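The opening position of the sequence shown corresponds to residue 1 in the UniProt record's numbering, with each subsequent residue numbered one higher. Beta carbons are placed, not taken as given, at the ideal position from N, Cα and C, and that holds for glycine. Fair warning: this is a prediction, and the values are worked out from it, not measured in the lab.
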Amino acid sequence: MNIDRLVFAFAGCFILLSVLLSIYHNQNWLWFTGFVGLNLFQAAFTGFCPLAKILKAVGVAPGEAFK
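Put into structure tokens, the structure is as follows:
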């Protein structure tokens, strides 16, 4: 699995988890959902993603989007 797929997988899991936490625990978890979405949005334009940098440092194979 490459960095691109892992970034999408992490983002999807974090969004799903934060939505479930907002339903069953506290609505303030939706701020985390917004943060993840905003980070994905800015990464689409700038190519900068903190998670991609971490995964690259760990040695995960690069993909096409985050080089």
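For residue i, does the three-state DSSP call read helix, strand or coil?
i, result
"glycine 59", "coil"
"cysteine 13", "helix"
"alanine 52", "helix"
"phenylalanine 8", "helix"
Kindly indicate the opening and closing residues of the alpha helix (DSSP H) around residue i.
i, result
"alanine 43", "30–46"
Residue i and residue j look like a contact to me (Cβ under 8 angstroms); what is the Cβ gap, rounded to whole Å?
i, j, result
"valine 60", "asparagine 2", "7 angstroms"
Inset, instruction - Say whether the stretch 12–20 touches the stretch 32–39, bearing in mind that this needs 3 or more beta-carbon pairs closer than 8 angstroms, one atom from each stretch. - result: Contact annotation: the stretch 12–20 touches the stretch 32–39, with at least three C-beta pairs closer than 8 angstroms.
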